[in-house]
Amino acid sequence: MTTVITYGTYDLMHRGHVRLLERAKALGDYLIVGVTSDNFDKERGKINVSQTLLERVENVKSTGLADKIIVEEYEGQKIDDIIKYKVDIFTVGSDWMGKFDYLNEYCKVVYLDRTKGISSTEIRSDNNSLSIGVIGNNRLASKFIKECSFVNGVSTSGLYLDENKNREMFDDNLLTYDLNELFNKSDSIYIVSQPNSHYEQIKLALEHKKHVLCETPITTNVKQYDELLKLADNKNLILLDSLKTAYSVAYQRLLLLVKGGIIGEIASVDAVCTSLKSANPASWDSSFDSWGPTALLPIFQLLGIDYSDISIYIKKENNYDTFTKIAFKYHNAVASIKVGNGVKSEGELIISGTKGYAYVPAPWWKTEYFEIRFEDPNENKKYYFKNDGEGIRYEIIAFLDLIKNNTNYYYISRDISRKIIEIREKINNGMLND
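Numbering of the sequence shown is given in the working numbering, commencing with residue 67 and proceeding in unit increments.
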């Protein structure tokens, strides 16, 4: 019996996939098909796969061509599978010509011509076309525009500079100084301006029937936030928090492990986010606006928003907020954040539990690595995940899915978004502990 093995993503199954599997099947007597997992796809750069792993496995199963279906989860698995299943022939599409020649040491390698004129990438691009207009003029706006180019079907339609600075960071061909012009040529809007400008800009975009992705905090007070949510819902539009950490692979995996009980019952969550800016405080952003939402995210996503007590301390320089520390008390846990612009500390995240603790080194908000540590260091585990675009790329995909595929999963819930705004409001209203 001749055993054949092949691998693929099999997203949005089309006749090209089926034809390739038919030809693979014809090479032998028994066909094994490896379907790549979601995490492995992301590691390989295929970050906007439309269907889940289960759906893609069902795609292959429905053809009736596979005698066995396995999941490909890591680099190097092909060699392990070839040995494990005593494979005689490895086959893949000719667009990978030469890539897998190294497998000739273990079995015969055959490259098959692909069906011309059709691909999952083209289908995704056709189905998911989205133009995004950008409002803002900082480095995050520049990063966002760059990351849009990595997501199939997404394009940047223009950039509105809300202030005439940092112009040199952007392509002149993108610039516009008329918001109506930006709205007219965009399906959606990404806002990364100062928080005090968010409300008016979001409202205008929603009134122009544009979906909105906005940096957190979305507004400066809860009343404005609720008004915008109502407006978005009435017009059947998406209003989504933009906070890159929430969408990163490592951070999502960390949440799953901790919520799954790997460190036992959570006793505390402590997050630190700081940076040193210009020596001139007038050029800085508020420490809370810059870092508060990021630092609060793991606390609220792990412990919830129903804390029993909160203490807020602020260090000011020339009436400017340079450092903020917030402590929370929950029923069975405590939490704290330290955020600063102009004050530097170790930017780590530590989640303490009754069995062990999770340690995420600086800068934890864009990490690709974290550790789960225990009393016995021999039990410690290290986790590595590729984080393309610091999470911005995955954020764009989540925004696209909400708009085009009617998914209903928000990486940052509205309750958490509202609570972040509520805390900002307390700070602005001087409700602090001296």
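Glycine included, every Cβ here is placed at the ideal spot set by N, Cα and C.
Which residue comes first and which comes last in the alpha helix (DSSP H) that contains residue i?
{"i": "aspartate 467", "result": "458-470"}
{"i": "phenylalanine 366", "result": "353-369"}
{"i": "glycine 74", "result": "No alpha helix (DSSP H) holds glycine 74; the beta strand (DSSP E) holding it covers 69-74."}
{"i": "asparagine 125", "result": "119-129"}
{"i": "valine 258", "result": "Valine 258 -> no alpha helix (DSSP H), and no H or E assigned at all."}
{"i": "glycine 82", "result": "81-92"}
{"i": "alanine 207", "result": "205-214"}
{"i": "isoleucine 145", "result": "143-150"}
{"i": "lysine 485", "result": "480-494"}
Check for me: the beta strand (DSSP E) holding residue i runs from which residue to which?
{"i": "glutamate 138", "result": "134-138"}
{"i": "isoleucine 329", "result": "From DSSP, isoleucine 329 is part of no beta strand (DSSP E); its letter is neither H nor E."}
{"i": "cysteine 280", "result": "277-281"}
{"i": "glutamate 383", "result": "375-383"}
{"i": "tyrosine 291", "result": "Run containing tyrosine 291: none in the beta strand (DSSP E); it sits in the alpha helix (DSSP H), 288-300."}
{"i": "glutamate 437", "result": "435-440"}
{"i": "lysine 447", "result": "447-450"}
{"i": "phenylalanine 389", "result": "386-395"}
{"i": "serine 402", "result": "400-407"}
{"i": "aspartate 307", "result": "305-308"}
{"i": "phenylalanine 249", "result": "Careful: phenylalanine 249 lies outside any beta strand (DSSP E), inside the alpha helix (DSSP H) at 245-250."}
{"i": "serine 160", "result": "Per DSSP, serine 160 belongs to no beta strand (DSSP E) and is neither H nor E."}
{"i": "serine 418", "result": "415-419"}
{"i": "serine 221", "result": "220-226"}
{"i": "leucine 342", "result": "Unbroken run through leucine 342: none, as it is neither H nor E."}
By the 10 Å Cβ neighbour count, where 16 or more other Cβ atoms means buried, how is residue i classified, buried or exposed?
{"i": "methionine 79", "result": "buried"}
{"i": "lysine 404", "result": "buried"}
{"i": "glycine 496", "result": "exposed"}
{"i": "aspartate 95", "result": "exposed"}
{"i": "isoleucine 149", "result": "exposed"}
{"i": "threonine 433", "result": "buried"}
{"i": "aspartate 355", "result": "buried"}
{"i": "histidine 277", "result": "buried"}
{"i": "alanine 92", "result": "exposed"}
{"i": "proline 261", "result": "buried"}
{"i": "tyrosine 226", "result": "buried"}
{"i": "glutamate 441", "result": "exposed"}
{"i": "arginine 190", "result": "For arginine 190, the pLDDT reaches just 47, beneath the cut-off of 50, and the residue's location in the model is therefore unreliable, although a value from the coordinates is still provided. Buried."}
{"i": "asparagine 407", "result": "buried"}
{"i": "glutamate 213", "result": "buried"}
{"i": "tryptophan 350", "result": "The predicted model places tryptophan 350 with a pLDDT of 48, which falls under 50 and marks its position as unreliable, so this point remains unresolved."}
{"i": "serine 411", "result": "exposed"}
{"i": "leucine 241", "result": "exposed"}
{"i": "glycine 74", "result": "buried"}
{"i": "threonine 72", "result": "buried"}
{"i": "arginine 490", "result": "buried"}
{"i": "leucine 320", "result": "buried"}
{"i": "leucine 120", "result": "exposed"}
{"i": "arginine 459", "result": "buried"}
{"i": "arginine 81", "result": "exposed"}
{"i": "histidine 264", "result": "buried"}
{"i": "glutamate 266", "result": "exposed"}
{"i": "threonine 68", "result": "exposed"}
{"i": "asparagine 218", "result": "buried"}
{"i": "asparagine 494", "result": "exposed"}
{"i": "asparagine 474", "result": "exposed"}
{"i": "serine 377", "result": "exposed"}
My assumption, with CB atoms under 8 Å, is that residue i sits in contact with residue j. Please give the rounded CB distance.
{"i": "tryptophan 431", "j": "threonine 360", "result": "5 Å"}
{"i": "phenylalanine 216", "j": "glycine 455", "result": "7 Å"}
{"i": "leucine 362", "j": "alanine 399", "result": "Leucine 362 to alanine 399, Cβ: 15 Å. No contact."}
{"i": "leucine 342", "j": "isoleucine 438", "result": "Not a contact, Cβ separation roughly 31 Å."}
{"i": "aspartate 133", "j": "isoleucine 155", "result": "Not quite, the Cβ-Cβ distance comes to about 14 Å (not below 8 Å), so this is no contact."}
{"i": "leucine 282", "j": "serine 479", "result": "It is threonine, not leucine, that sits at residue 282 in the sequence shown. Not really, about 12 Å apart at Cβ, beyond 8 Å."}
{"i": "isoleucine 255", "j": "isoleucine 198", "result": "7 Å"}
{"i": "alanine 316", "j": "phenylalanine 465", "result": "Not a contact, Cβ separation roughly 20 Å."}
{"i": "valine 126", "j": "tyrosine 76", "result": "5 Å"}
{"i": "serine 314", "j": "glycine 457", "result": "4 Å"}
{"i": "aspartate 238", "j": "leucine 196", "result": "About 23 Å separates the two Cβ atoms, so there is no contact after all."}
{"i": "serine 103", "j": "valine 153", "result": "Their Cβ separation, rounded to whole angstroms, is 20 Å, which puts serine 103 and valine 153 out of contact at 8 Å."}
{"i": "isoleucine 257", "j": "isoleucine 201", "result": "5 Å"}
{"i": "leucine 294", "j": "leucine 279", "result": "Between leucine 279 and leucine 294 the Cβ distance is about 13 Å, and since that is not below 8 Å, they are no contact."}
{"i": "lysine 395", "j": "aspartate 375", "result": "4 Å"}
{"i": "valine 288", "j": "isoleucine 487", "result": "5 Å"}
{"i": "serine 353", "j": "aspartate 387", "result": "5 Å"}
* To do: Determine, using beta-carbon pairs with one atom in the region 144-151 and one in the region 166-178, whether at least three such pairs fall under 8 Å.
  => yes
* Asked: Does the region 153-161 come close enough to the region 84-96 to have 3 or more Cβ pairs within less than 8 Å?
  -> yes
* Asked: Does the region 389-405 touch the region 323-340, meaning 3 or more C-beta pairs lie closer than 8 Å?
  -> yes
* To do: Determine contact between the region 318-337 and the region 419-431, defined as no fewer than three beta-carbon pairs at a distance below 8 Å.
  => yes
* To do: For the region 302-315 and the region 439-447, state whether three or more C-beta atom pairs, one from each stretch, are separated by less than 8 Å.
  => no
* Pairing CB atoms from the region 384-393 with CB atoms from the region 261-274, are three or more of them under 8 Å? -> no
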